[in-house]
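Engineer: If you scroll down you'll find the structure; I have some questions about it.
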Amino acid sequence: MALVERSGPVTLPDHVLVAGAGVSGLGAAHLLTKAGANCTVVDDNPDGRAAATAKGFAVCSSAEARERFADTGLVVTSPGWRPDTPFLVDATAAGIDVIGDVELCFRLDRAGVFGAPRTWLVVTGTNGKTTTTGMLAAMMTEVGADSGRIARACGNIGTAVGEVLLLDEHVDVLVAELSSFQLHWSSELVPDAGVLLNLAEDHIDWHGSFAEYAASKAKVLQATHAVAGIDDTEVQRLAEQTGRDDIIGFTLQEPGDNQVGVSGGRIVAKLGGETIDVASADGIEPAGAAGLLDALAAAAVALTQGAKPHHIQRALEKYRVAGHRGAVVHSGGGVDWVDNSKATNPHAADSALTGAGTVVWVAGGQLKGAAVDGVVKAHADQFRAVALLGVDRELIRASVNAAAPDVPVFVSDSTDPEQAMDEVVAWAATQAQPGDTVLLAPAAASLDMFSGMSARGDAFAAAAMRHWSPDNK
């Protein structure tokens with residue numbers, strides 16, 4: 329099969345199949361076209377094929393694509409396609425390289441197809457990815473103010489990596505938030521620096537097991553400069569399993585050698601035999617242990633890229649948390665209403681509940697196979713009441729009843745998202761006492777009812793405004 333030579337050492341086969349006509353798939357097809365490759369978008373959904381056709385791409389069904397395997401040298405899959413998808417299984421069996429859109433971006437970038445290769449800084453983990461990515465991008469922007477190098481957050485935060493590669497303004501530093509799906513479909517991606525924040529059960533329905541999920545995330549530890557959250561026992565185990573002695577750990581404790589931690593209210597690094605007073609550990613947004621851990625992780629990566637303490641301090645002072653990640657959306661009568669809709673799994677809910685005081689907990693959605701008993705037991709003493717909605721509401725109710733049988737529980741059986749949220753918030757307003765927090769930390773995904781976690785958080789905030797005032801009490 330003929331190969332088409334491109335600028336740099338990369339070669340692209342004369343025909344590439346792109347699996348999926350969603351946003352990622354069409355983005356990959358656009359990138360391939362810009363790189364000079366011939367590609368066909370594969371989708372069995374007529375609407376998907378129509379969308380690809382409207383963009384000017386050749387299309388076919390998966391059955392038709394199988395007939396073209398002999399002339400296909402590469403399959404680029406959308407991250408949502410599971411490894412056991414028959415089309416991808418068949419492509420692999422036919423000896424075709426199957427990669428994801430981010431892996432494609434990395435290969436093309438390293439080959440200089442879209443200008444000088446960029447610095448890749450990759451952030452992954454179960455929770456805290458977006459906040460850490462935002463903090464790290466802010467730190468690298470401060471560095472860039474002195475060096476002239478442009479940094480940009482991308483991946484699952486803001487702009488897709490492929491779109492950044494095609495910008496007229498050359499971005500020098502990619503600060504990329506990547507998912508386990510994207511890392512699973514990456515085989516040559518070795519970033520300049522990468523951080524594994526934490527690990528807990530998530531996306532088990534996609535990966536098939538926690539071991540496979542963790543293995544995908546752990547690929548980031550192959551980075552030239554690797555950083556790991558050593559307060560997380562699973563991350564610590566995976567870091568040790570690499571056999572590397574140069575992985576930088578970050579911790580809420582006093583740092584040891586080759587670690588970034590907290591000492592005397594300061595973020596302190598002990599790297600290369602030197603102790604560095606990096607920044608204040610106070611006043612970081614979001615407040616609490618989770619926000620501080622994110623700051624430690626970002627600082628550790630930034631230090632490997634030449635950031636100085638004043639760069640990191642300025643970035644942390646300026647950084648503001650993104651929506652649905654612990655924002656107070658309403659308050660009055662001594663009660664705060666906090667939207668942490670981004671807590672889409674039990675591990676994230678645990679972080680949100682830690683340090684929150686007495687709460688009326690609003691939870692529920694798709695657990696995706698994750699166990700919720702642990703987080704319920706850990707925080708049972710904090711619950712004033714619990715309000716539940718979503719497809720797995722009864723599983724959470726059973727956990728609450730077992731761990732905290734005296735805690736009042738309300739369950740909305742409505743399948744209408746606005747009505748369900750309105751019902752749980754109206755009931756929560758009758759339970760909250762001065763000094764309490766009504767906390768939306770669902771411990772579950774949102775797509776059973778809402779278009780996404782943002783829509784769920786917005787519905788919570790709107791309902792809180794409708795149902796809560798100091799006169800409720």
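Note that the sequence shown covers residues 329 to 801 in the numbering used here.
For glycine and all other residues, C-beta sits at the position ideal for the given N, C-alpha and C.
Since the model is a prediction, treat every value here as computed from it, not as a measurement.
In the DSSP assignment, find the unbroken alpha helix (DSSP H) run with His795 in it and report its ends.
Structural biologist: Looking at the DSSP string, the run of the alpha helix (DSSP H) that includes His795 is 781-795.
Engineer: For Ser335, count the other beta carbons within 10 Å of its own beta carbon; 16 or more makes it buried, fewer makes it exposed. Which is it?
Structural biologist: Unreliable positioning characterises Ser335 in this predicted model, as indicated by a pLDDT of 39, which lies under 50. A coordinate reading is not provided.
Engineer: Closest to Glu516 by C-alpha separation, out of Ala773, Lys383, Gly428, Thr405, would be which residue?
Structural biologist: The option with the nearest alpha carbon to Glu516 is Gly428.
Engineer: Could you have a look at Trp448 and say whether DSSP puts it in helix, strand or coil?
Structural biologist: DSSP places Trp448 in strand when its eight states are reduced to three.
Engineer: With Asp701 as the anchor, note down where its beta strand (DSSP E) starts and where it stops.
Structural biologist: No beta strand (DSSP E) contains Asp701, which is instead part of the alpha helix (DSSP H) from 701-707.
Engineer: Quick one: what does DSSP say Ala676 is sitting in, helix, strand or coil?
Structural biologist: Correct three-state label for Ala676: helix.
Engineer: Measuring straight from C-alpha to C-alpha, what distance separates Thr603 and Gly702?
Structural biologist: Spanning the two alpha carbons is a distance of roughly 37 Å.
Engineer: Short of 7 Å in beta carbon distance, which residues of its chain neighbour Ile612, apart from the five on each side in sequence? Order them along the chain.
Structural biologist: Closer than 7 Å at the Cβ level, and outside the excluded window around Ile612, lie Gly619, Leu620, Ala623, Leu644.
Engineer: For Gly505 versus Thr454, is the C-beta spacing smaller than 9 Å?
Structural biologist: It is worth fixing the name first, because residue 505 is Glu in this sequence and not Gly. Going by C-beta atoms, Glu505 is not nearer than 9 Å to Thr454.
Engineer: Output the boundary residues of the alpha helix (DSSP H) element that contains Asp437.
Structural biologist: Per DSSP, Asp437 belongs to the alpha helix (DSSP H) from 429-438.
Engineer: Which value, in whole angstroms, describes the spacing of the CA atoms of Thr682 and His707?
Structural biologist: Roughly 8 Å separates the two Cα atoms.
Engineer: Alpha carbon to alpha carbon, what distance is there between Thr458 and Gly486?
Structural biologist: Taking the straight line from one Cα to the other gives about 10 Å.
Engineer: Is the distance from the Cβ of Ala554 to the Cβ of Arg572 below 9 Å?
Structural biologist: Cβ distance < 9 Å, so Ala554 and Arg572 count as in contact.
Engineer: In three-state DSSP terms, what is Arg653?
Structural biologist: Coil at Arg653, not helix or strand.
Engineer: Going by C-alpha distance, which of Leu525, Ser797, Arg721 is nearest Thr285?
Structural biologist: This structure cannot settle anything about residue 285, because the visible part of the chain is limited to 329 through 801.
Engineer: Apart from the five residues just before and just after Thr420, which ones in its own chain have a Cβ nearer than 8 Å to its Cβ?
Structural biologist: So the qualifying residues of the chain are Val426.
Engineer: If we ignore side chains and look at the alpha-carbon of each, how far apart do His358 and Phe442 end up?
Structural biologist: Approximately 13 Å between the Cα atoms of the pair.
Engineer: Would a C-beta distance cut-off of 9 Å place Gln694 and Ala773 closer than the cut-off?
Structural biologist: Cβ atoms of Gln694 and Ala773: closer than 9 Å.
Engineer: Short check: CB of Leu277 to CB of Val737, under 9 Å?
Structural biologist: What the structure shows of the chain is the stretch from 329 to 801, and residue 277 is not part of that stretch, so it cannot be assessed.
Engineer: Check whether the Cβ atoms of Asp750 and Arg794 lie closer than 9 Å to each other.
Structural biologist: Against a cut-off of 9 Å, the Cβ pair of Arg794 and Asp750 comes out as a contact.
Engineer: Can you tell me whether Glu722 is buried or exposed? The criterion is at least 16 other CB atoms within 10 Å of its CB, across all chains shown.
Structural biologist: With fewer than 16 other Cβ atoms within 10 Å, it is exposed.
Engineer: Nearest by alpha-carbon distance to Thr632: which of Lys646, Gly355, Gly577 is it?
Structural biologist: Nearest of Lys646, Gly355, Gly577 to Thr632, Cα basis: Gly577.
Engineer: What separation, rounded to the nearest whole angstrom, lies between the Cα atoms of Val523 and His652?
Structural biologist: So the two alpha carbons sit approximately 23 Å from each other.
Engineer: Helix, strand or coil, according to DSSP, for His658 in the structure here?
Structural biologist: His658: strand per DSSP, three-state reduction.
Engineer: Between Phe385 and Gly408, what straight-line distance do the alpha-carbon atoms span, to the nearest angstrom?
Structural biologist: Computed Cα separation, rounded: 20 Å.
Engineer: Does the count of Cβ pairs from the stretch 653-665 and the stretch 492-510 closer than 8 Å reach three?
Structural biologist: These segments do not touch.
Engineer: State buried or exposed for Gly601, treating a residue as buried only when at least 16 other CB atoms are found within 10 Å of its CB.
Structural biologist: Result: exposed.
Engineer: Along the chain, where does the alpha helix (DSSP H) containing Gln641 start, and where does it finish?
Structural biologist: From DSSP, the alpha helix (DSSP H) with Gln641 extends over 637-646.
Engineer: State the start and end residues of the unbroken alpha helix (DSSP H) segment that holds Thr469.
Structural biologist: Per DSSP, Thr469 belongs to the alpha helix (DSSP H) from 457-475.
Engineer: How many angstroms separate the CA atom of Val719 from the CA atom of Val489?
Structural biologist: Cα to Cα, Val719 sits roughly 33 Å from Val489.
Engineer: Under 7 Å Cβ to Cβ from Tyr541, same chain only, skipping five residues before and after it: list those, please.
Structural biologist: Taken in chain order, the residues that qualify are Ser508, Asp530, His531, Ile532, His535.
Engineer: Looking at Leu580 and Gly589, is the spacing between their C-beta atoms short of 9 Å?
Structural biologist: Result yes, Cβ atoms of Gly589 and Leu580 sit closer than 9 Å.
Engineer: State the beta-bridge partners of Leu502 as determined by DSSP.
Structural biologist: Paired residue(s): Trp448, Arg480.
Engineer: Output the residue ranges of the alpha helix (DSSP H) runs that lie fully inside the stretch 509-577 and measure 4 residues or longer, sorted by chain position.
Structural biologist: Counting whole runs of 4 or more residues, the stretch 509-577 contains the alpha helix (DSSP H) stretches 532-535, 538-546, 561-569.
Engineer: Can you tell me where the alpha helix (DSSP H) with Phe415 in it begins and where it stops?
Structural biologist: Start and end: 414-421.
Engineer: Classify Asp585 as buried or exposed, calling it buried when 16 or more other Cβ atoms lie within 10 Å of its own Cβ.
Structural biologist: Label assigned to Asp585: exposed.
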